[in-house]
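Peer 1: Residue numbers (the numbering used here), protein chains in the order written: chain A, 1054 to 1425; chain B, 1054 to 1425. Dropping a structure here in structure tokens format, bear with me for questions.
There are 2 protein chains.
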Amino acid sequence: MHPAERVLLGPGPSPVPQRVLRALAAPTLGHLDPQYLTIMDEVCELLRQVFRTRNALTFPVSGTGMAGMECAAVNLVEPGDEVIVGVNGVFGTRMKDVMERCGAVVHALEAPWGETFTNEQVAAAFAAHPKARLLGIVHAETSTGAHQPLEGLAAIARSHGALLLVDAVTSLGGHELRVDDWEIDAIYSGTQKCLSCPPGLSPVSFGPRALARMDARKTKVQSWYLDVSMLRKYYSGGGGGRVYHHTAPINMTYALHEALTIVLEEGLEARIARHAAMHQRLRRGLEALGLRYVPSRSLHTLNCIRIPDGADDAGVRRRLLEEYGIEIGAGLGPMAGKAWRIGLMGHGATVRNVDLVLAALGNCLNRPAASA
Amino acid sequence: MHPAERVLLGPGPSPVPQRVLRALAAPTLGHLDPQYLTIMDEVCELLRQVFRTRNALTFPVSGTGMAGMECAAVNLVEPGDEVIVGVNGVFGTRMKDVMERCGAVVHALEAPWGETFTNEQVAAAFAAHPKARLLGIVHAETSTGAHQPLEGLAAIARSHGALLLVDAVTSLGGHELRVDDWEIDAIYSGTQKCLSCPPGLSPVSFGPRALARMDARKTKVQSWYLDVSMLRKYYSGGGGGRVYHHTAPINMTYALHEALTIVLEEGLEARIARHAAMHQRLRRGLEALGLRYVPSRSLHTLNCIRIPDGADDAGVRRRLLEEYGIEIGAGLGPMAGKAWRIGLMGHGATVRNVDLVLAALGNCLNRPAASA
């Protein structure tokens, strides 16, 4: 097993620090070993700090980011529930699909790919569908690079008795994100983006209004694996009240512990500022190369750019991979062949990587790279 | 992150070889990197060998063993389907629950905990419920240590047009298991038992009759994350036809690759014989200590014994853990306080561990350990 040492500048996974890889390879404990339970409790507490929340029910779902989305949906939605989902890219489209599989009546609030939603548009959607019980929205649309503002959305949802569910897969640990201050009721993320941990876990957090919604369910959660009514007895049971549910991915939990420790050693504010600075450095360089962004409001963590006329999409990506060992992302869904996605996430958001990818891209496009 | 080096002799996780931990810590590749796709294709091929199947759709689900169970259920069952589930322990009980969450009408074929089912009992269940479309049965009941014979069950199921679904979480890689010869239509397992890989993936395999059942579905699979109609485009897409679904747990896939390689280096027959021999060695020692088995037909991989009168359940397990660093399992569900579970799985099924746990248990019970 000798995988190449890539420079991971795609939409995730992001580069994983050696410290995290070493933690991953620590001796496997049993999932009910007191030592492991301490590690897992610490992971939940570290996640609270990174999510900026005091939500007791904050834990890593034993699956990748899409399992976190599904966990939120199956627990918060019952058949026949009306919900509003913002659809402006692949992940909003998926959230609509996942909600419909839970029996929800989904009112899609649509925007062109690359655009985001205004609070006025969201308010209008609730005016049109006043019975909607949940607003689902993607903070960081990984398919378009669009950065959705979240402030003020909770107030709109709450005025209609609805919950606010946020997809933060590509923003947690890289963008400003305040679960409690912004009154987000439920949120999910992934480990392999701005936390710079390998993929395999999906951090989630559920606030008191989300828990009340779950407690009032009339139907059983359709997924046993993701049923929070059982998971909470393991993840927030504490003391003697902890009940076994499933065997957690133990070594991945070690890795997440180390990755979150690194995030907090750097400090959330400093880390967010670093992502902003690296994005700006990359943007200047890309624009100097004559490249244009897809989204109006770009994420700092993911830069989605239009493939210039005449450029060979697959050929450029292959040269970047083969000559430089650099991975960037292809366009996803309707953006296939039209966009490239350059991720600057977590451990990958460095001056070294920004200047490297600019030099490499300039070379592959036969364009002189301006000094960044 | 400095977890203790335990001797893992519980119901899983089992001890993980250093080779597997080193593979786990290899550099993270992207999930669409050609190198990673090769590794993943190899994992699927290695799994086919370990499952003894030629099923094209053989892959690791991105979750722990219970995600594998749920993957089988959500894809093979539609609302209103009648199914027969063998219930003689925690995992049969869970399978019934999972099936019901999929809308199945479950006919529970029950046996006392610790017992198994005869082919005659299964035939009688089909006679009573001739419309049953699936038989779900647990090969290795981790809660009781009972070993369910599987030969002949497929013929009974097929004579009623039903599929055979097998839970092989605690048997794959440790017990005789022949998916194709025994005409098993669908099967799931876990990585942290007899494969001696950390938990986090669930190997599954679906045969042609299972795929035909899925292709004939009238309803959408209720889980997006586990929807095989999409997963198969990633795992058996091959060449240019591969379609991204979710970000696979990349480093866990490395670990599984190494774990399966070790299994096949030893050879399946030799490995199964080793598990049998270690079970017999342990059984002789336990019986010399005056301990009795719970199940009539014990697994080799998991030894479920009655806690002797007067012994302090939690106290003995705590001493084993604190003085010896040995983990054994408590009783699960109705067996809590009544049974201990000693796993001899994969890398853990060694003379050294058998004689160690016998010595330690004899000491903690104040019983002289007979020479094993």
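Don't be surprised by glycine CBs; every beta carbon is placed ideally from N, CA and C.
Return the CA-CA distance between Ser1255 (chain B) and Leu1339 (chain A), expressed in angstroms with no decimal places.
Peer 2: So the alpha carbons of these two residues sit roughly 42 Å apart.
Peer 1: With DSSP run on the structure shown, which of helix, strand or coil describes Gly1378 (chain B)?
Peer 2: coil
Peer 1: Do Pro1066 (chain A) and Ile1303 (chain B) have their beta-carbon atoms positioned less than 8 Å apart in this structure?
Peer 2: yes
Peer 1: Taking the beta strand (DSSP E) that Gly1396 (chain A) belongs to, which residues open and close that run?
Peer 2: 1392–1396
Peer 1: From Gly1243 (chain A) to Arg1420 (chain B), what distance separates their C-alpha atoms?
Peer 2: 51 Å
Peer 1: For Arg1359 (chain A), which of helix, strand or coil comes out of DSSP?
Peer 2: Of the three classes helix, strand and coil, the one that applies to Arg1359 (chain A) here is strand, per DSSP.
Peer 1: Can you find a C-beta in chain A that's less than 8 Å from the C-beta of Leu1335 (chain B)?
Peer 2: no
Peer 1: Could you name each continuous beta strand (DSSP E) segment of 3 residues or more that falls completely within the stretch 1190–1223 of chain B, going from the start of the chain to the end?
Peer 2: 1216–1220
Peer 1: Would you verify that the beta carbon of Tyr1307 (chain A) is, or is not, closer than 8 Å to some beta carbon of chain B?
Peer 2: yes
Peer 1: Contact defined as beta carbons within less than 8 Å: I believe Gly1227 (chain A) pairs with Met1398 (chain A). What is the distance between those atoms, to the nearest angstrom?
Peer 2: 6 Å
Peer 1: Taking the alpha-carbon of Glu1236 (chain B) as reference, which of B:Ala1210, B:Met1148, B:Leu1248 has the nearest alpha-carbon?
Peer 2: Measuring from the Cα of Glu1236 (chain B), the nearest candidate turns out to be B:Ala1210.
Peer 1: Per DSSP, what kind of secondary structure is Tyr1297 (chain B) in: helix, strand or coil?
Peer 2: coil
Peer 1: Using a C-beta cutoff of 8 Å, does Thr1081 (chain B) count as contacting chain A?
Peer 2: yes
Peer 1: Whose Cβ in chain A lies nearer than 9 Å to the Cβ of Trp1277 (chain B)?
Peer 2: Met1119, Met1122, Glu1123, Ala1126, Arg1147, Asp1150, Val1151, Arg1154
Peer 1: With a cut-off of 8 Å, does the C-beta of Met1054 (chain A) fall near any C-beta of chain B?
Peer 2: yes
Peer 1: Measuring alpha carbon to alpha carbon, tell me which residue in B:Val1232, B:Leu1061, B:His1400 is nearest Gln1102 (chain B).
Peer 2: Looking at the Cα atoms, B:Val1232 is the closest of the given residues.
Peer 1: If you draw a straight line from the C-alpha of Ala1199 (chain A) to the C-alpha of Glu1095 (chain A), how long is it?
Peer 2: 32 Å
Peer 1: Closest Cβ-Cβ distance between Pro1070 (chain A) and chain B: below 8 Å?
Peer 2: With 8 Å as the cut-off, Pro1070 (chain A) does not count as an interface residue toward chain B.
Peer 1: Ignore the nearest five residues each way along the sequence and tell me which others in Thr1117 (chain B)'s own chain have a CB closer than 7 Å to its CB.
Peer 2: Around Thr1117 (chain B): Gly1243, Pro1252, Gly1253, Ser1255.
Peer 1: From Arg1059 (chain B) to Asp1365 (chain B), what distance separates their C-alpha atoms?
Peer 2: 21 Å
Peer 1: In whole angstroms, give me the CA-to-CA distance for Ser1276 (chain B) and Ala1157 (chain A).
Peer 2: 13 Å
Peer 1: Would you tell me roughly how many angstroms separate the C-alpha atoms of Tyr1509 (chain B) and Ala1180 (chain B), rounded to the nearest one?
Peer 2: Any answer about residue 1509 (chain B) is impossible in this case: the structure gives chain B only from 1054 up to 1425.
Peer 1: Under 8 Å between the Cβ atoms of His1310 (chain A) and Ala1076 (chain A)?
Peer 2: yes
Peer 1: So, helix, strand or coil for Tyr1089 (chain B), using DSSP?
Peer 2: helix
Peer 1: Between which two residues does the alpha helix (DSSP H) carrying His1490 (chain B) extend?
Peer 2: This structure cannot settle anything about residue 1490 (chain B), because the visible part of chain B is limited to 1054 through 1425.
Peer 1: Would you call Ala1323 (chain B) buried or exposed, if buried means 16 or more other Cβ atoms sit within 10 Å of its Cβ?
Peer 2: exposed
Peer 1: Where do the ends of the beta strand (DSSP E) carrying Tyr1241 (chain A) lie?
Peer 2: Per DSSP, Tyr1241 (chain A) belongs to the beta strand (DSSP E) from 1239–1241.
Peer 1: In whole angstroms, what separates the C-alpha of Thr1106 (chain B) from that of Asp1238 (chain B)?
Peer 2: 10 Å
Peer 1: Could you check where the beta strand (DSSP E) with Pro1132 (chain A) kicks off and where it finishes?
Peer 2: Judged by DSSP secondary structure, Pro1132 (chain A) falls outside any beta strand (DSSP E); it is assigned neither H nor E.
Peer 1: Alpha carbon to alpha carbon, how far is Ala1120 (chain B) from Pro1113 (chain A)? Give it in angstroms, no decimals.
Peer 2: 15 Å
Peer 1: With 7 Å as the limit, tell me which residues of the stretch 1058–1069 of chain A have their beta carbon closer than that to any beta carbon of chain B; keep them in chain order.
Peer 2: Glu1058, Arg1059, Leu1061, Gly1063, Gly1065, Pro1066, Val1069
Peer 1: Rounded to a whole number of angstroms, what is the C-alpha to C-alpha distance between Gln1201 (chain A) and Gly1396 (chain A)?
Peer 2: 17 Å
Peer 1: Going by DSSP in three states, Ser1115 (chain A) sits in which element: helix, strand or coil?
Peer 2: coil
Peer 1: Run down chain B in chain order and give the residues with a C-beta less than 7 Å from the C-beta of Gln1088 (chain A).
Peer 2: Result: Pro1056, Ala1057.
Peer 1: With distance defined between alpha-carbon atoms, name the residue in A:Ala1312, A:Arg1370, A:Ala1178, A:Leu1352 nearest to Cys1250 (chain A).
Peer 2: A:Ala1312
Peer 1: Under 8 Å Cβ to Cβ from Ala1329 (chain A), same chain only, skipping five residues before and after it: list those, please.
Peer 2: Excluding its 5 nearest sequence neighbours in each direction, Ala1329 (chain A) has C-beta neighbours in its own chain below 8 Å: His1353, listed in chain order.
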